[in-house]
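What follows is one structure encoded as structure tokens, with my remarks underneath.
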Amino acid sequence: MADHTESSAQVPNKDMKIATNGEETLQNQKWILKQHPQGNFDASRDADFVDETINLSTVPDDKVVIEVEALSVDAFIRTMLDKVENDAHGSLGGVGKTIPALGYGKIIKGNNSFQEGTIVMGLLGATKYTISESDGLTAVKRIPRTKPTETLGLLGISGITAYIGMFVSPSKCPQKGETVIVSAAAGGVGSIAVQMAKLCGARVIGVAGGPKKKEFLMDKLNCDGVVDYKCSEKSIGEQLDELCPDGIDFFFDNVGGDLLDEVLQRINLYSRIVICGAISHYDSGNINDKSLIKGPSHYIKLAEKSSSMSGFNMMHYPKYFMSAIRYLIWNYFRGHIVSHEHIEKKIDSFGKCLEMLFAGGHCGRLIVDLKE
0 MADHTESSAQ VPNKDMKIAT NGEETLQNQK WILKQHPQGN FDASRDADFV
50 DETINLSTVP DDKVVIEVEA LSVDAFIRTM LDKVENDAHG SLGGVGKTIP
100 ALGYGKIIKG NNSFQEGTIV MGLLGATKYT ISESDGLTAV KRIPRTKPTE
150 TLGLLGISGI TAYIGMFVSP SKCPQKGETV IVSAAAGGVG SIAVQMAKLC
200 GARVIGVAGG PKKKEFLMDK LNCDGVVDYK CSEKSIGEQL DELCPDGIDF
250 FFDNVGGDLL DEVLQRINLY SRIVICGAIS HYDSGNINDK SLIKGPSHYI
300 KLAEKSSSMS GFNMMHYPKY FMSAIRYLIW NYFRGHIVSH EHIEKKIDSF
350 GKCLEMLFAG GHCGRLIVDL KE
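Numbering (numbering that gives the first Met the number 0), first residue to last: 0 to 371.
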């Protein structure tokens with residue numbers, strides 16, 4: 000997220016070819032939607048990894064060509080793959096289209112808005128190269144002593160989302176001594192939300208699945224406890240009772256479903272529940288058919304406890320973006336908030352990564368690095 004331009008020196012591109020007629024072409028690889036997923040996304044069934052040739056001479060002058068350097072693998076991608084358009088993120092546009100993904104890259108053919116060598120960020124897609132209009136692209140300014148990939152995570156969509164969910168959307172942010180629950184706590188947004196709540200002086204309980212994520216939350220993020228939804232010995236409710244004997248004051252929810260109901264039954268007076276997402280409904284495809292979504296049966300607890308529930312889409316809060324970035328930079332450089340990433344290499348790994356996102360095989364922000 001930035002408002003300045005960064006240019007990089009031009010280097011030979013191994014994917015660029017010059018035809019006998021002098022025209023320059025690029026050998027591209029990308030992921031396209033083969034069919035609308037029925038249930039969980041399966042890359043081998045629902046997507047195709049294809050090769051294509053981009054003829055640079057036929058690219059309109061008002062568009063740019065971008066060499067993608069890194070892509071973020073986010074839960075919202077799955078919501079755009081269904082036949083029914085998603086209310087928040089829109090639709091992919093049908094079978095055969097490039098699977099969407101937020102990323103950054105270098106412009107190798109510019110226009111009046113962006114010169115060659117400029118690093119830009121936007122919804123570039125799961126592809127090595129993309130042809131794009133200028134609208135929707137943002138020139139990236141690298142912040143000294145930060146990794147380039149921070150623009151996709153801590154200093155980008157993850158950090159800003161966590162900030163708005165903690166400090167803007169609710170009536171009151173977490174307070175010192177309160178008990179805070181963060182679901183999907185080992186993910187890109189949740190892992191930052193956990194650290195923000197700790198900085199507020201709250202007692203923080205993370206919700207995640209499996210011993211690897213429990214260890215990550217306890218050892219890396221200093222959670223005060225972890226609810227393991229994959230635990231076979233104790234139910235989620237039993238774990239919440241043990242870890243939150245005095246009730247729950249604040250819930251940052253990325254999951255929805257049964258977990259939300261369990262938390263509602265344990266909220267304190269004047270508690271705040273913030274709905275960031277509902278990934279329990281994403282991979283099934285139910286999120287785009289509201290008749291299939293199970294709502295909270297214990298919602299009346301909000302009235303009984305004079306509590307509130309709010310939801311948000313970070314894209315509706317652009318006036319808070321710079322405040323979020325300042326807060327994140329301040330705490331990042333002081334070591335109060337640490338960025339965690341799981342990075343896979345090359346564009347051909349994107350399909351596997353999208354499966355991994357919902358299977359729970361990573362901790363922190365999941366990124367595909369395309370630079371070789």
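Glycine residues also receive a C-beta, built at the ideal position from the N, C-alpha and C atoms. These figures come from a predicted structure and were not determined experimentally.
Straight-line Cα distance separating residue j from residue i
i: A302; j: L263; result: 11 Å
i: V64; j: S131; result: 6 Å
i: D61; j: D252; result: 42 Å
i: A323; j: E22; result: 45 Å
i: Y269; j: S168; result: 15 Å
i: E51; j: G135; result: 24 Å
i: C275; j: I366; result: 20 Å
i: S234; j: S133; result: 50 Å
i: Y316; j: V188; result: 16 Å
i: I292; j: S56; result: 48 Å
i: L42; j: D282; result: Per the sequence shown, the amino acid found at residue 42 is Ala instead of Leu. When rounded, the distance between both Cα atoms is 13 Å.
i: S7; j: P147; result: With a pLDDT of 43 at S7, under the threshold of 50, the modelled position of this residue cannot be trusted; read the value that follows with caution. One C-alpha to the other measures close to 13 Å.
i: P295; j: Y128; result: 43 Å
i: E68; j: P173; result: 37 Å
i: Q9; j: E66; result: Caution applies to Q9, whose pLDDT of 46 falls short of 50 and renders its modelled position unreliable; the model cannot decide the point.
i: P244; j: G186; result: 26 Å
Bridge-paired residues (DSSP) for residue i
i: R271; result: F249 and S307
i: N27; result: E51
i: L365; result: H341
i: G186; result: G363
i: S131; result: V63
i: S71; result: L101 and I366
i: A46; result: L32
Beta-carbon proximity list for residue i, same chain, < 6 Å, skipping 5 on both sides
i: L242; result: I204 and G224
i: Q28; result: D50, K127 and I346
i: G256; result: S279
Residue burial classification, residue i (beta-carbon count within 10 angstroms, cutoff 16)
i: A358; result: exposed
i: Y298; result: exposed
i: R44; result: exposed
i: N221; result: exposed
i: R364; result: buried
i: H335; result: exposed
i: S305; result: exposed
i: K300; result: buried
i: P36; result: buried
i: R265; result: buried
Same chain, Cβ closer than 8 Å to residue i, five either side skipped, listed in chain order
i: L154; result: M0, I142, T145, I324, L327, I328 and Y331
i: S309; result: S168, P169, S170, R271, I272, V273 and I274
CB-CB length for residue i against residue j, believed under 8 Å
i: V94; j: D288; result: The pair is not a contact, with the Cβ atoms about 18 Å apart (cut-off 8 Å).
i: T117; j: A138; result: 6 Å
i: I156; j: S231; result: Contact flag wrong, Cβ pair sits at about 34 Å.
i: T178; j: D248; result: 5 Å
i: M165; j: A201; result: Incorrect: roughly 10 Å between the Cβ atoms, too far for contact.
Close-in-space but distant-in-sequence residues of the same chain around residue i (CB under 7 Å, 5 per side omitted)
i: G360; result: none
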